[in-house]
Structures are given as C-alpha cells and as structure tokens.
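What follows is a set of notes on a single structure, which appears directly below.
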Amino acid sequence: MSGATLLLLADGRFPAGGHAHSGGLEAAVTAGRVRDLETLAAFLRGRLATAGVVSAAFATAACRGDGLHTLEEELDARTPSPALRKASRAQGRALLRAGRTLWTLSTVERELHHPVALGVVAAAAGLTPAEAALTAAYGTVTGPAGAAVRLLGLDPYATHALVARLAPACDAVAARATTVDDLPACSAPLLDIGAEAHATWEVRLFAS
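By my numbering, the letter at position 125 of the sequence shown is numbered 335, and the numbering carries on one by one without gaps.
Below, the structure written as structure tokens:
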C-alpha cells in the first residue's frame, strides 16, 4: 500500500463531489444548533459516533469483499431518511466514477451508497479494510468542518485544530470497525429530520 494513495482518497479535493455536501451541517446551522466552534465540536463528535461508526463499518465490509447487494440492503435499512439515502447514493456514484478513472474496480455497479462505494474503491486502490475504515471516519468530520468555514465564517485554523483534536476518536472508530463482526446500527434522528427539512429548501448552499 502506498501512503500517498491513502492520502489521495482521503483528500477533500478528490473529485468525488464531497465538497457539495455538508453532512447535515447546513440544516443544523439554520436550526441554530451549530453556531460557533464549541457547538461545531459537539456536532462533529456526535456525527462521528453515529454516521461515522456506520460508514467506517460498511466501508470495511465492502473493502474486504462482503456481498455488495447485502451491504446495500443493510445500509438502506439504517438510513430512514429518503433525503439521506439520495445524498449517499449521489456521493457513491461520484466516487465510483472518480475511482474508475484511477483504478480497476471489482464491480460494474454504477450506484452504491457512499460508504459501500468507498470500500470498493479503497480495495481497488490497494488499501486495507482498516485504511478504508479510517478514510470513512475521517471524511465524516472533515466534510462538515469544511462546510462550517463557509457557512459560519469560522477561522479555518481553529476549525482544523478542532479536526486534529478529533484524530484519536477517528482512529478509535476505524479500529472498532475492523474488529466487530456485526454491522452497527447507530442512529442520529436529528440528522434524519434535518435532511428531510433541508431537501425542501429552494435556496441552499449544499446538496445535503
């Protein structure tokens, strides 16, 4: 495995459309739940402990070659919000498209949930399931953190310092994803509710 390959896939500039999604942060900002660095930190910790845990586990399973059809059904069952399912598949499509330009993927599927697509692309890139899990966990916090700079005008240095402090938690989530046998089903009802409200807005900065 090349360390540069891991960095490439985790890079927010990787052309997979991640910059267009806020991970639920835009809805949280509008609702007043995220206002500053302190409330952003709470949002990111909560997102990592729920969506991050699930994403890391599914990326791990897809990377090690578990059945994609079953993983898709399992992730659908864990995503009650139609808006979040749509956003996940949109990001998955974009990631698969980008992955096919760099590597030879093990599937001809054109549409997968983002964590499943991440596992498929990570395997094609020569990464291990543990590295796929780490990439998923890391992306769970970096996407919303970047969106917070744009939505709230936060200091990018302070925002990245916050992400740096979450690094041990990201490592722990990734480690957990590779050591449990059952796929987790952590829920975040406020993210689901916010996603449904966000999808009805006529004017918004992010797709989700």
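Just so it is clear, CB atoms sit at the ideal spot from N, CA and C, and this is done for glycine as well. Since the structure is predicted, the reported quantities are computational estimates derived from the model, not experimental observations.
Nearest-angstrom Cα separation, counted from residue j out to residue i
| i | j | result |
| --- | --- | --- |
| ALA266 | ALA409 | 25 Å |
| PRO354 | VAL318 | 30 Å |
| LEU372 | LEU312 | 32 Å |
| ASP402 | THR289 | 8 Å |
| GLY309 | LEU315 | 7 Å |
| LEU218 | PHE224 | 7 Å |
| LEU258 | GLY336 | 25 Å |
Proximity test, Cβ basis, 8 Å: residue i and chain D
| i | result |
| --- | --- |
| THR369 | In the structure shown, chain D does not exist; there is a single protein chain. |
Check whether residue i and residue j have beta carbons under 8 Å apart
| i | j | result |
| --- | --- | --- |
| ALA332 | ALA261 | no |
| CYS380 | ALA407 | no |
| ALA327 | GLY349 | no |
| ALA398 | GLY256 | yes |
Minimum C-alpha distance to residue i - residue among the options
| i | options | result |
| --- | --- | --- |
| ALA358 | ALA226, PHE224, ARG223, SER232 | SER232 |
| GLY404 | PHE253, ARG310, PRO339 | PHE253 |
| ALA272 | VAL244, ASP221, ALA342, GLY234 | ALA342 |
| THR215 | GLY275, HIS324, THR345 | THR345 |
| LEU281 | ASP246, GLU321, GLY363 | GLU321 |
Alpha helix (DSSP H) runs wholly inside the region 330–375, at least 4 long, in chain order = 339–362, 366–375
Report the residue ranges of all alpha helix (DSSP H) runs contained in full by the region 247–272; include only those spanning at least 4 residues, in chain order.
-> 247–257
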